[in-house]
Every structure is written in C-alpha cells, then in structure tokens.
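**Q** Residue numbers for the sequence shown follow our numbering, beginning at 1 and rising by one.
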Amino acid sequence: MFAVTGITGNVGGVVARHLLAAGRKVRAVVRDAQRGSVWAGRGCETAAADIGDASALVEAFRGAEGVFLLVPPNFDPAPGFPEAQMTAKTLRTALEEARPLRVVYLSTIGAQAKQPNLLTQHSIIEQVLGGVPAPITFLRPGWFMENSAWDVAPAREKGVIPSFLQPLDKRFPLVATEDIGKVAAELLQESWSGHRIVELEGPRRIAPNDIAQEFSHLLGRSVHMEAVPRETWEALFRSQGMKNPEPRIRMLDGFNEGWIEFEDGEPGSRKGTIEIGTVLQGLIERASS
Ligand SMILES: NC(=O)c1ccc[n+]([C@@H]2O[C@H](COP(=O)([O-])OP(=O)(O)OC[C@H]3O[C@@H](n4cnc5c(N)ncnc54)[C@H](OP(=O)(O)O)[C@@H]3O)[C@@H](O)[C@H]2O)c1
Numbered sequence: 001m002f003a004v005t006g007i008t009g010n011v012g013g014v015v016a017r018h019l020l021a022a023g024r025k026v027r028a029v030v031r032d033a034q035r036g037s038v039w040a041g042r043g044c045e046t047a048a049a050d051i052g053d054a055s056a057l058v059e060a061f062r063g064a065e066g067v068f069l070l071v072p073p074n075f076d077p078a079p080g081f082p083e084a085q086m087t088a089k090t091l092r093t094a095l096e097e098a099r100p101l102r103v104v105y106l107s108t109i110g111a112q113a114k115q116p117n118l119l120t121q122h123s124i125i126e127q128v129l130g131g132v133p134a135p136i137t138f139l140r141p142g143w144f145m146e147n148s149a150w151d152v153a154p155a156r157e158k159g160v161i162p163s164f165l166q167p168l169d170k171r172f173p174l175v176a177t178e179d180i181g182k183v184a185a186e187l188l189q190e191s192w193s194g195h196r197i198v199e200l201e202g203p204r205r206i207a208p209n210d211i212a213q214e215f216s217h218l219l220g221r222s223v224h225m226e227a228v229p230r231e232t233w234e235a236l237f238r239s240q241g242m243k244n245p246e247p248r249i250r251m252l253d254g255f256n257e258g259w260i261e262f263e264d265g266e267p268g269s270r271k272g273t274i275e276i277g278t279v280l281q282g283l284i285e286r287a288s289s
C-alpha cells in the first residue's frame, strides 16, 4: 500500500491515479475526511492527517510500502522559515515512527541554492529528512506549467499576461504536474537504498514569450507577455496581503538570474513528455467549465 499526501491537489492526484492504474493499493491522506470521499469511491483507503500533526501522520504512514510526501505551498513564510522548520521536524518524527519502506518527497528545483529564497523551505525539509534512515528520493521538479492557470484570464480578457519570469525570451525549466506525478509513482515502485535526488523538467525549456504564443494559438487572439518591473514587486505583493515578500522576490530573482537551476543544469535533468500547449489547453478548458 502506498500513502499519498496532497492527493486533492495537482501532483498528489496524479501520483494516486498512476498507482491505482498500476494495480497498487493507495491510502489517500487528507486533512479533512470529507475531502477523501472521491478517492474512497475510486477504491482507496483514507486517513485524515494534517501535515502538522505527527501522531496522525504516523497512523497514515504505518504499514505503507511507500509514502508520497508533499508539503502544502507557503508563499508568505515568516522570516527564518519557522513553519518549514516545524514541518520538517514533524515529518521526521512521523517517518521515524511509522517506518514506511520508502519515501518520495516532492521538493523543488534549486533546493541546493545557498541564497535564501522561498524554496529554502524545501532545502530545510530535505536537510532534516536527510537524517531519516529510510530510502528517500528527493524529487526536484522545475516551475510547474500549471502556474499558468493565473495567465488564462488576462490572456483571454486583455491579450496581455504579466510576467515575473524575465527576460521574456529567456527559456526556463518548466514541467507539467502530470509528468511529475507519473514520475513520482514510478519512483515509488522502484527499490533503492539511501537518499537520492531526481531532477525533472519538461521536454524542452520554455520562454514566457512561448507561453504567450501558445495562448494566441489556443485562444485565437493576439496575446503577449509584459514584464512586471522588478522595482514594483514588493509593493505589489504587499498590496496583495503578503507580510514578508522578500523570499518570493528572491525566488523569482533566482530563476531570472539563473542561480535557481538543477545541480547539473539542463543536461543533467530527467525529461517529461508533456508539452506546454497540452497543459494550457487543459487550463483554458477548466477555466471555461
Ligand atoms: N508551483 C511550482 O512551480 C512548484 C515548483 C516546485 C515545487 N513545488 C512544490 O509543490 C508543492 C505543491 O504541489 P501541488 O501544486 O500539487 O499542491 P496543491 O495543488 O497546491 O495542493 C496542496 C495539497 O496540500 C493539501 N494541504 C493543504 N494544507 C494542508 C495541511 N495543513 N495538511 C495536509 N494537507 C494539506 C491540500 O489539501 P486540501 O484539498 O485539503 O486543501 C492539497 O491536497 C509545494 O510543496 C510546492 O513548493 C511547486
């Protein structure tokens, strides 16, 4: 049996779908039992556990052949990343007590970066989980193609998409959550010892201008990207309610300046198969339904 956290989200749902399709038993780990009913209907066991509740996580992970571990995104962490420090400790405690045979932790591209930024949260968790004796894979995907869900309305309504990824013709490592979940399900069914890192991006790197071009094609209207000036980000993020925008700004700097990258750059990463056009088409359809 494989325990899957984040199953109601983008990646966890794909992981579970692939495991079920391979004939594996899945335990849906949800924070609210009601949220697991769809997965119960698909033949999964369910377990209720908040990511901050070590004893509930122990029960959710107990007896598992593999655990897919995902921490919910936190775009506005407090200075010093105390939330990630706490989550890391909780996860370590839960894994040490439940002793699943293996773990795939959904981390991120750039988890090895030394400069503090939003992704440091994953660096902290990787480091703490590094002390757990179980076989663990740190799966480090690139920027999710699904982040373009935010682009659909401006593309459709105005034909202009604001971009924080800059310059607009720079090609970035993007990946579809379908590819991430598929690879995670494959990794969970492998056996390995110790800790390993798997870095993953899509079949080719994508520039913001390429995304605009795909939207133009799919929406049948002219669409272009507009770089949001760096000097406006802090005020903008604060106006959106963020208390500590610096880590998010530094993450964007890291992508734009190239210090958020895979350990061995593009040549060293595993490649998915899903193209940006396929993901954008799905996002457009979802926004219309
Ligand atoms: N976006 C990117 O470009 C990118 C790139 C690299 C890595 N990542 C990482 O990918 C992860 C996000 O993956 P995703 O997009 O698949 O997530 P997502 O779609 O945002 O889903 C989050 C999942 O976490 C669950 N969740 C939220 N709060 C919880 C809590 N307190 N306890 C237990 N579960 C909770 C949600 O359950 P409910 O349905 O109950 O809310 C949902 O299943 C993050 O760790 C992020 O840092 C993202």
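Note that beta-carbon positions come from the ideal geometry of N, C-alpha and C, so glycine has one too.
Keep in mind it's a predicted model, so treat the numbers as computed, not measured.
What would DSSP say about K271, mapped onto helix, strand or coil?
**A** The residue you call residue 271 lines up with position 271 of the sequence shown. Correct three-state label for K271: strand.
**Q** What three-state label does DSSP hand W143 in the structure shown?
**A** By one-based count along the sequence shown, residue 143 stands at place 143. The answer is strand: DSSP assigns W143 an E or B state.
**Q** Take G131 and list the residues in its own chain whose beta-carbon comes closer than 8 Å to its own, dropping the five residues that flank it on each side.
**A** Residue numbering aside, residue 131 sits at position 131 when the sequence shown is read from its first letter. For G131, where only same-chain residues beyond five positions count, the Cβ hits under 8 Å are R92.
**Q** May I ask you to report which of helix, strand or coil DSSP gives M1?
**A** Position 1 of the sequence shown, counted from the start, is the residue given in the question as residue 1. Coil, per DSSP.
**Q** Are there 16 or more other CB atoms within 10 angstroms of the CB of W39, so buried, or fewer, so exposed?
**A** Looking up residue 39 in the sequence shown gives position 39. It is buried - the Cβ of W39 has at least 16 other Cβ atoms within 10 Å.
**Q** Looking at the structure shown, is M86 part of a helix, part of a strand, or coil, going by DSSP?
**A** Residue mapping note: residue 86 aligns to position 86 of the sequence shown, counting from 1. Helix at M86.
**Q** Do you know offhand how far A176's Cα is from H18's?
**A** By 1-based counting over the sequence shown, the position of residue 176 is 176. By 1-based counting over the sequence shown, the position of residue 18 is 18. About 15 Å.
**Q** I need the straight-line Cα distance from T120 to D253, nearest angstrom please.
**A** Reading the sequence shown from its first residue, position 120 is the one you call residue 120. Reading the sequence shown from its first residue, position 253 is the one you call residue 253. One C-alpha to the other measures close to 14 Å.
**Q** Within 10 Å of its beta-carbon, does H122 have 16 or more other beta-carbons around it, so buried, or fewer, so exposed?
**A** For the purposes of this step, residue 122 is taken as the residue at position 122 of the sequence shown. With 16 or more Cβ atoms within 10 Å of its Cβ, H122 is classed as buried.
**Q** Could you check the C-alpha separation between Q281 and E275 for me, to the nearest Å?
**A** Your numbering for residue 281 matches position 281 in the sequence shown. Your numbering for residue 275 matches position 275 in the sequence shown. The alpha-carbon atoms of Q281 and E275 are separated by roughly 10 Å.
**Q** With a cut-off of 8 Å, do at least 3 Cβ pairs link the segment 124-140 to the segment 198-205?
**A** Yes, since at least three Cβ pairs between the segment 124-140 and the segment 198-205 fall closer than 8 Å, the two stretches touch.
**Q** How about R42 and A3: do their beta carbons lie closer than 8 Å?
**A** Here residue 42 refers to the residue found at position 42 of the sequence shown. Here residue 3 refers to the residue found at position 3 of the sequence shown. For R42 and A3, no; Cβs fall outside 8 Å.
**Q** Do P162 and E234 count as a contact pair if the criterion is CB distance below 8 Å?
**A** Position 234 of the sequence shown, counted from the start, is the residue given in the question as residue 234. Position 162 of the sequence shown, counted from the start, is the residue given in the question as residue 162. Not a contact, by the Cβ cut-off of 8 Å.
**Q** Return the CA-CA distance between V104 and K271, expressed in angstroms with no decimal places.
**A** Here residue 104 corresponds to residue number 104 of the sequence shown, with the count starting at 1. Here residue 271 corresponds to residue number 271 of the sequence shown, with the count starting at 1. In a straight line, the C-alpha of V104 is about 18 Å away from that of K271.
**Q** In this structure, how does DSSP classify I7 when only helix, strand and coil are distinguished?
**A** Reading the sequence shown from its first residue, position 7 is the one you call residue 7. Note: I7 maps to coil in three-state DSSP.
**Q** For G168, does the three-state DSSP call read helix, strand or coil?
**A** Against the sequence shown, residue 168 aligns to sequence position 168. The question names Gly, but residue 168 is Leu in the sequence shown. Looking at L168 - three-state DSSP - the assignment turns out to be coil, as it is neither helix nor strand.
**Q** According to the Cβ coordinates, are F68 and A94 closer than 8 Å?
**A** Counting from 1 along the sequence shown, the entry for residue 68 is found at position 68. Counting from 1 along the sequence shown, the entry for residue 94 is found at position 94. No, they are not a contact pair.
**Q** Going by C-alpha distance, which of P82, G66, Q85 and R196 is nearest P100?
**A** As a position in the sequence shown, residue 100 is number 100, starting the count at 1. The shortest Cα separation from P100 among P82, G66, Q85 and R196 belongs to G66.
**Q** Do you know how far the Cα of D50 is from the Cα of L174?
**A** The residue labelled residue 174 in the question sits at position 174 within the sequence shown. The residue labelled residue 50 in the question sits at position 50 within the sequence shown. Spanning the two alpha carbons is a distance of roughly 29 Å.
**Q** Nearest to W192 by alpha carbon, out of G181, R102 and S288?
**A** As a position in the sequence shown, residue 192 is number 192, starting the count at 1. Measuring from the Cα of W192, the nearest candidate turns out to be R102.
**Q** Give the straight-line distance between the Cα atoms of A185 and N10, rounded to the nearest whole angstrom.
**A** Locating residue 185 in the sequence shown gives position 185, where the first residue counts as 1. Locating residue 10 in the sequence shown gives position 10, where the first residue counts as 1. Distance between the alpha carbons of A185 and N10 is about 14 Å.
**Q** Does the separation of the CB atoms of N209 and P77 fall below 8 Å?
**A** Counted from its first residue, the sequence shown places residue 209 at position 209. Counted from its first residue, the sequence shown places residue 77 at position 77. No.
**Q** To test your reading of the DSSP string, which unbroken beta strand (DSSP E) runs of 3 or more residues are found completely within the segment 5-49?
**A** Qualifying beta strand (DSSP E) stretches, in chain order: 26-30 and 45-48.
**Q** Tell me, to the nearest whole angstrom, how far the beta carbon of I109 is from that of D151; I am working on the premise that it is less than 8 Å.
**A** Taking the sequence shown and counting its residues from 1, the one referred to as residue 109 is at position 109. Taking the sequence shown and counting its residues from 1, the one referred to as residue 151 is at position 151. Going by Cβ atoms, the distance from I109 to D151 rounds to 20 Å, so no, they are not a contact pair.
**Q** Which residues mark the beginning and the end of the beta strand (DSSP E) in which R156 is found?
**A** Residue mapping note: residue 156 aligns to position 156 of the sequence shown, counting from 1. Not the beta strand (DSSP E): R156 falls in the alpha helix (DSSP H), residues V152 to E157.
**Q** So, are the CB atoms of A113 and K170 less than 8 Å apart?
**A** Taking the sequence shown and counting its residues from 1, one reaches residue 113 at position 113. Taking the sequence shown and counting its residues from 1, one reaches residue 170 at position 170. No, the Cβ-Cβ distance between A113 and K170 is not below 8 Å.
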